[in-house]
Amino acid sequence: MRELSLHIMDIIENSINADATLIELYIEEDTSKNIFIIKIKDNGRGIDEEMLKNITDPFVTSRTTRRVGLGLSLFESTCLRCNGNLKVYSKVNVGTEVVATMEHDNIDRPPLGKIEETVVSVLLNPKIDLVYEHIYNGKKFILDSREIKKILGSDEINSPEVLLWIKDFIKENLNEISGGAF
Amino acid sequence: MKTLQELEEIRKRTLDRVNQRKDRTTTRIVVGMATCGIAAGARPVLLAIMEEVEKLGLTDVVVAQTGCIGLCKMEPIVEVIKPGEEKVTYVKMDAEKARRIVREHVKDGKVVEEYTMHVIQGKILNDYKVEKE
Numbered sequence: 001m002r003e004l005s006l007h008i009m010d011i012i013e014n015s016i017n018a019d020a021t022l023i024e025l026y027i028e029e030d031t032s033k034n035i036f037i038i039k040i041k042d043n044g045r046g047i048d049e050e051m052l053k054n055i056t057d058p059f060v061t062s063r064t065t066r067r068v069g070l071g072l073s074l075f076e077s078t079c080l081r082c083n084g085n086l087k088v089y090s091k092v093n094v095g096t097e098v099v100a101t102m103e104h105d106n107i108d109r110p111p112l113g114k115i116e117e118t119v120v121s122v123l124l125n126p127k128i129d130l131v132y133e134h135i136y137n138g139k140k141f142i143l144d145s146r147e148i149k150k151i152l153g154s155d156e157i158n159s160p161e162v163l164l165w166i167k168d169f170i171k172e173n174l175n176e177i178s179g180g181a182f
Numbered sequence: 001m002k003t004l005q006e007l008e009e010i011r012k013r014t015l016d017r018v019n020q021r022k023d024r025t026t027t028r029i030v031v032g033m034a035t036c037g038i039a040a041g042a043r044p045v046l047l048a049i050m051e052e053v054e055k056l057g058l059t060d061v062v063v064a065q066t067g068c069i070g071l072c073k074m075e076p077i078v079e080v081i082k083p084g085e086e087k088v089t090y091v092k093m094d095a096e097k098a099r100r101i102v103r104e105h106v107k108d109g110k111v112v113e114e115y116t117m118h119v120i121q122g123k124i125l126n127d128y129k130v131e132k133e
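Taken in sequence, the protein lines are chains A and B.
Here full-length UniProt numbering is used: position 150 in the first sequence is 150, and no number is missing along the way.
Here full-length UniProt numbering is used: position 104 in the second sequence is 104, and no number is missing along the way.
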């Protein structure tokens, strides 16, 4: 994947397929500590212990269309390449959390990319709520789809007009907290 | 800078639209968004579709995403499902092609044949020229 935001989208797709209704995306960048952390937490059906042991093995998958699943293994290899790691915590019927860490200044670290597009494409699913928290050197931005639904007075936030607005909203705010680093 | 208060205006504006949509039969545009689709560039395709739908002011259209459609080498894949018509599968999409599909197929009702999936001698192809030859 060329962008971390594409990895994120891929992992969130797993959450959606696991019937999650709430997804929490947490991104923390700290350039002085040289860390880039991505956490994706859901309340989906979870992964049983047996499968969890080898979850980043490309030949471990729950999909039925074929026997290969590349999402987590691709993300893990990106993390390892950037002197970091990928951890998956899960409990059946409770949810799953994926935690990816990387060196911020590693030359192999892909750019975050268009995270706003990833968020918007997740919000296309009307049944899913997303909390997106991004911290850049201590400055914080939070987007909560439940809050947006409340303001709009409707659960139908998946119209292009609203989603494109959210996209620009995220982009401007990320620019603000990062001082134009995005 | 944008603030959440702006959503209030959008709410007022879109309220009528949502009501309109419920009375009609809706066209669905579905984009494949599994690992294969994402890696092949499905996200810009999805965004282009949303932008074009918004630009043209199409109200009776739902943009949605799905998992792996099962034809990874042909990704990004876009399906257009019009009420009462057969589903049309477009393959090897990009943002520009996707915009054309929204304009010509979704809005004007004319299928963009050259981007559709073709089965020739049991092989799934997308190359329109091959079929002509």
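Glycine residues also receive a C-beta, built at the ideal position from the N, C-alpha and C atoms.
Selected residue, minimal CA-CA separation from residue i, among the options
| i | options | result |
| --- | --- | --- |
| A/LEU143 | A/PRO126, A/LEU124 and A/ASN173 | A/ASN173 |
| B/GLY41 | B/LYS73, B/GLY84 and B/THR89 | B/LYS73 |
| A/GLU49 | A/SER15, A/LEU70, A/ASN93 and A/GLU176 | A/ASN93 |
| B/GLY109 | B/VAL119, B/VAL61 and B/GLU96 | B/VAL61 |
| A/TYR136 | A/ASN158, A/HIS104 and A/PRO126 | A/HIS104 |
| B/VAL80 | B/LEU71, B/ALA64, B/ASP94 and B/ILE10 | B/ALA64 |
| B/ARG13 | A/GLU161, A/ASN54 and A/PHE169 | A/GLU161 |
| A/VAL119 | B/ARG43, B/MET1 and B/ARG11 | B/ARG43 |
| B/GLU104 | B/LYS2, B/GLU9, B/MET1 and B/LEU58 | B/LEU58 |
| A/VAL131 | A/LYS139, A/ASN54 and A/SER145 | A/SER145 |
| A/LYS127 | A/ILE11, A/SER32, A/THR31 and A/GLY44 | A/GLY44 |
| A/GLY179 | A/ILE151, A/LEU86, A/GLY138 and A/GLY69 | A/GLY138 |
| A/HIS11 | A/LYS33, A/ARG2, A/LEU74 and A/SER32 | For the sequence presented, residue 11 of chain A should be read as Ile rather than His. With distances taken between Cα atoms, A/ILE11 lies closest to A/LEU74. |
| B/THR26 | B/VAL111, B/PRO83, B/VAL119 and B/ILE101 | B/PRO83 |
Bridge partners - residue i, DSSP secondary structure assignment
| i | result |
| --- | --- |
| A/VAL134 | Note that residue 134 of chain A is His in the sequence shown, not Val. Note: A/HIS134 sits in a beta bridge opposite A/ILE27 and A/PHE141. |
| A/SER90 | A/THR96 |
| A/LEU22 | A/ASP129 |
| B/VAL88 | B/VAL80 |
| A/MET102 | A/PHE36 |
| residue 188 of chain A | Absent from the structure is residue 188 of chain A, since the part of chain A shown begins at 1 and ends at 182. |
| A/ASP57 | Answer by DSSP bridge pairing: none, since A/ASP57 is not bridged. |
| residue 188 of chain A | There is no way to answer for residue 188 of chain A, as the model of chain A reaches only from 1 to 182. |
| B/LYS2 | Beta-bridge pairing links B/LYS2 to no other residue. |
| A/LYS41 | A/GLU24 and A/GLU97 |
Residue i: first and last residue of the uninterrupted beta strand (DSSP E) it sits in
| i | result |
| --- | --- |
| B/ARG28 | 27-32 |
Cβ pair residue i, residue j closer than 9 Å
| i | j | result |
| --- | --- | --- |
| residue 188 of chain B | B/MET117 | Given that chain B is displayed from residue 1 to residue 133, the structure contains no residue 188 of chain B and the question cannot be resolved. |
| B/ILE77 | B/VAL53 | no |
| A/ILE112 | A/LEU4 | Here residue 112 of chain A is Leu; the residue named in the question, Ile, does not match the sequence. It is a contact, given that the beta carbons lie within the stated cut-off. |
| A/VAL88 | A/ILE38 | no |
| A/THR101 | A/HIS7 | no |
| A/MET9 | B/ILE38 | yes |
| A/GLY84 | A/GLU13 | no |
| A/ARG81 | A/ASP57 | no |
| A/SER15 | A/LEU52 | no |
| A/ASN158 | A/LEU124 | yes |
| A/ASP129 | A/THR21 | yes |
| A/ILE148 | B/LEU7 | yes |
| A/ASP19 | A/THR96 | no |
| A/SER121 | B/ARG11 | no |
| B/LEU4 | A/PHE141 | no |
| B/MET50 | A/LEU164 | yes |
| A/GLU29 | A/ILE35 | yes |
| A/GLU133 | A/ILE55 | no |
| B/LEU71 | B/VAL88 | no |
| B/VAL45 | B/ALA95 | yes |
| A/LYS167 | A/GLU117 | yes |
Residue interval of the alpha helix (DSSP H) (run including residue i)
| i | result |
| --- | --- |
| B/ALA64 | It is not in any alpha helix (DSSP H) - B/ALA64 instead sits in the beta strand (DSSP E) that spans 61-66. |
| residue 184 of chain A | Residue numbering for chain A in the displayed model covers 1 to 182; residue 184 of chain A lies beyond these limits and cannot be assessed. |
| B/ALA95 | 95-101 |
| A/VAL162 | 160-178 |
| B/LYS107 | Element bounds for B/LYS107: n/a, residue is neither H nor E. |
| A/ILE49 | The amino acid occupying residue 49 of chain A in the given sequence is Glu; Ile does not appear at that position. Its alpha helix (DSSP H) spans residues 49-53. |
| A/ARG81 | 71-81 |
| A/ASN14 | 4-17 |
Interface residues of the stretch 138-151 of chain A facing chain C [CB-CB below 8 Å]: In the displayed structure, chain C is absent; the protein chains listed are A and B.
I'd like the ranges of any alpha helix (DSSP H) spanning at least 4 consecutive residues and lying wholly in the stretch 35-59 of chain B. 35-40 and 42-55
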